[in-house]
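In the numbering used here, the protein residues as written are 452 to 701.
Built from N, CA and C at the ideal position, the CB exists for glycine as well.
The structure under discussion appears below in the form of structure tokens.
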């Protein structure tokens with residue numbers, strides 16, 4: 452049981468205090484939901500949402516059973532969207548089970564493509580969760596500030612859906628600081644924030660607590676990109692997220 456998990460859960464320490472010790476999670480969360488209009492120098496994409504952090508890594512190492520438990524925790528609590536700025540290069544039977552369960556529940560799983568120049572269409576075994584064949588799994592690679600694909604990032608004409616900025620991304624840092632950072636770990640939460648905005652907009656305009664379907668969200672992401680020559684063959688859409696275009700679907 453999870454006692455006092457009002458702020459999320461730390462599967463490393465097995466308690467309700469998922470404090471970030473390394474800074475990665477703080478930067479990811481800032482991309483999604485950092486506060487605005489406070490003269491701090493950065494702002495997230497979706498600033499009115501609740502981010503429930505889950506800690507499964509300690510010094511970049513994670514126990515696979517903790518990752519499984521974390522997914523089940525998020526699904527049981529009916530998260531709208533799960534951000535996965537990590538990847539696991541092994542395969543276990545539960546991996547497809549939890550992603551299929553999330554898919555049936557209408558939960559989007561947004562993943563980073565990784566910071567190695569690997570064609571994810573060719574990897575075996577399938578990386579978790581970024582290469583798993585479920586419609587709710589959205590894998591994101593990155594572009595620089597000139598809309599060029601970053602060649603040190605993972606890619607895949609089939610298994611990677613789209614790109615988002617992945618260089619000099621402004622966000623929050625440990626110690627109450629702000630700064631810039633690079634990596635697909637910070638491309639993915641831009642798509643996570645966009646999906647969260649779309650879900651909130653849908654609920655407001657339709658006066659409902661129901662989410663848009665996985666199919667509708669995925670289709671809107673496919674249609675809501677700016678095609679870029681540098682992304683041809685690097686992701687399925689060949690494009691970088693265009694937030695206003697994406698949100699027009701909702």
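Following the DSSP letters along the chain, one finds residue 518 inside the alpha helix (DSSP H) bounded by residues 515-527. Under the 10 Å beta carbon count, residue 613 is surrounded by 16 or more other beta carbons and is classified as buried. Less than 9 Å divides the Cβ of residue 698 from the Cβ of residue 648. Assignment of residue 512 by DSSP, reduced to helix, strand and coil, places it in the strand class. Listed in chain order, the non-local C-beta contacts of residue 646 below 7 Å within the same chain comprise 532, 559, 561, 668, local neighbours out to five positions each way being set aside. By the neighbour-count definition (other C-beta atoms within 10 Å, threshold 16), residue 660 is an exposed residue.
Under DSSP, residue 678 takes part in a beta bridge, and its partners are 690. The way I'd put it, the segment 616-627 doesn't touch the segment 537-546; fewer than three beta-carbon pairs between them come closer than 8 Å.
Taking one beta carbon from each stretch, the segment 518-528 and the segment 596-612 have fewer than 3 pairs nearer than 8 Å; the two do not touch. Considering only 664, 592, 656, 609, the residue with the shortest C-alpha distance to residue 536 is 592.
Annotated as proximal: residue 687 and residue 609, with beta-carbon spacing under 9 Å.
When beta bridges are read from the DSSP output, residue 595 appears opposite no residue. Secondary structure note for residue 561: its beta strand (DSSP E) is the uninterrupted segment 559-563. Taking residue 517 as reference, the option from 477, 634, 462 with the minimal CA-CA separation is 462.
Taking 8 Å as the upper bound for CB-CB distance, residue 534 and residue 639 are in contact here, some 6 Å apart. Its Cα nearest to that of residue 469, the residue 460 stands out among 476, 497, 678, 460.
Of the other Cβ atoms in all chains shown, 16 or more fall within 10 Å of the Cβ of residue 578; this residue is therefore buried. If you look at residue 569, you'll find it isn't in any beta strand (DSSP E); DSSP assigns it neither H nor E.
Apart from sequence neighbours up to five positions away, the residues of its chain that approach residue 663 with a beta-carbon distance below 6 Å are 653, ordered along the chain.
Just measuring C-alpha positions, the residue of 701, 481, 529 sitting nearest residue 656 is 701. By the 16-neighbour rule on beta-carbons within 10 angstroms, residue 628 is exposed. Only residues of its own chain outside the window of five on either side were considered, and among them 493, 494, 495, 623 have a CB closer than 6 Å to the CB of residue 485, listed in chain order. If you keep only unbroken alpha helix (DSSP H) runs of at least 4 residues inside the segment 588-667, you get 639-657.
Distances from the CA of residue 548 to each of 580, 481, 677 were compared; the closest alpha carbon is that of 580. Beta-bridge partners of residue 535 (DSSP): 562. Looking at the backbone, the Cα of residue 680 and that of residue 607 are separated by about 15 Å.
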